[in-house]
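Residue numbers for the sequence shown follow numbering that gives the first Met the number 0, beginning at 0 and rising by one.
What follows is one structure encoded as structure tokens, with my remarks underneath.
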Amino acid sequence: MSRFTTYAIREISSSFLFLLILLTGILWMGQGLRHIDLLTTENVSFIAYFSYVILLIPKLLLLTIPICIFLAVLFNLNRFRNDSELIILWASGKSDSELLLRPILFFSIFVFLIHMLLSIYITPASLNELRHKIIDIRESGIHTSILKEKKFISPINTLTIFLQDRKGNKLTGLLIHDLKDKSKPQTYIAQEGEFITSENKKILRLFNGDVQIYNKQENKISVVEFKSYDLNLMPYNKKEDPHIYADEMLTYEIVRKLRGKSLNDFSRFEKEEFAALHTRIINPIYIFCFALLPLLILKFSKRPDDGWVLPVSIISLIAFFSQILQITFQNLLIQNNNLVIVSYLVPFFILGLTIFFLITENFNFLKLIKNVR
């Protein structure tokens, strides 16, 4: 490995890491704010909340890695060009493929392996864990932190709670309207109350009050007084959908589930799982496309005084359309599993076309554009 190859890999990797941390961090903070309701309405501790949002990072990395490798190569290519480093090496008889294709390919292979590991193992595992965490959180009962003094709070559609004052788990001035049984809505009024946990059950113990039961069929209200009454809050749990979606299933689970079945025998969910399985393999291939596309700029201009805006715009547009193709075929594969071979061919076609133009000597895009005009 030449000295310039080592130098280029070091420069590109440092830029890539900086962009990856920056872009992923911004997206992660945005996702964290979207899930802040876990702290405010679900009574989740900060440690549990942090462990929850940490699990979002692998999925974000799958989105940011292709963008960051494209920008890192583009940035360093521009710097090499402006600092006349490439001109000096070109003057020594080195070709573009010898100078830049080799270090970028080496670095792309390393990033490809990381992306493949994330896509096949780490991200599905993190999303699977996220699904189980959210099911546990949603179904763990009504959390006391959402109740505010002198406000009507409806944690779910069938329950409304009002309290006058609160000190920890001690409550005073309670009014509770229960619509769990719509034919017989109930209203609890109590001077005091206390949240307690007994045998994994969440209970609101009411003191010195009464419960008013309205019978809609008889159009009659009955009142029952009590000194102490335990209102079990567990029946008011939010029912979270237990279904595990295709992107949340572990890869080996999908392989085991689909083994021995033909495409025509797949159910709707199995079609999604089949598409998710192959998408996890196909998407990392695009890493090579996004890494090598910036090199096509050298087919527009090589000298520092050559225009830079047009080449960057054209290459960025090509990268954008490549991303659109990737997303399009990813969605089409869900609708039609028979497109799986085409989905594999698309990144290889883009990659092959890119390498063809790179290794073709004396090919200049600007001359081609002028001839078309």
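By construction, the Cβ of each residue, glycine as well, lies at the ideal position given by its N, Cα and C atoms.
- Assigned with DSSP and collapsed to three states, Asp82 falls in coil, not helix or strand.
- Within the same chain, Arg101 and Pro102 come within 6 angstroms of Thr4 by CB-CB distance, once the 5 residues on both sides are set aside.
- By the C-beta density criterion, Leu62 is exposed, having fewer than 16 other C-beta atoms within 10 angstroms.
- Going by DSSP, Arg101 is part of no beta strand (DSSP E) but of the alpha helix (DSSP H) stretching over Arg101 to Leu116.
- Taking the Cα of Tyr285 as reference, the smallest distance to any Cα among Glu271, Phe319, Trp307 and Lys256 is reached at Phe319.
- Closest in C-alpha terms to Leu126, from the list Val339, Ile53, Leu205 and Phe15, comes Ile53.
- Take Ile195, set aside five residues on each side of it, and the residues of its chain with a beta-carbon closer than 7 angstroms to its own are Ile202 and Arg204, in chain order.
- Around the beta carbon of Gln325, 16 or more other beta carbons lie within 10 angstroms, which makes this residue buried.
- Under the criterion of beta carbons closer than 8 angstroms, Ile314 and Pro293 qualify as touching, at roughly 6 angstroms.
- Going by C-alpha positions, Leu19 is about 37 angstroms away from Arg258.
- Uninterrupted beta strand (DSSP E) stretches at least 3 residues long and entirely within the stretch 181 to 234 occur at 185 to 197, 200 to 214 and 219 to 231, given in chain order.
- Between Cys67 and Phe15 a beta carbon distance of about 5 angstroms is seen, short of the 8 angstroms cut, so the two are scored as contacting.
- Note that the C-beta distance between Glu10 and Asn81 is not below 8 angstroms.
- With contact defined as three or more Cβ pairs closer than 8 angstroms, the stretch 153 to 164 and the stretch 266 to 285 are not in contact.
- The beta-carbon distance between Leu295 and Leu357, rounded to whole angstroms, is 7 angstroms. This is short enough to meet the 8 angstroms contact definition.
- Assigned with DSSP and collapsed to three states, His242 falls in coil, not helix or strand.
- For the pair Ser182 and Lys215, the Cα-to-Cα distance works out to about 6 angstroms.
- Beta-bridge partners of Thr159 (DSSP): His176.
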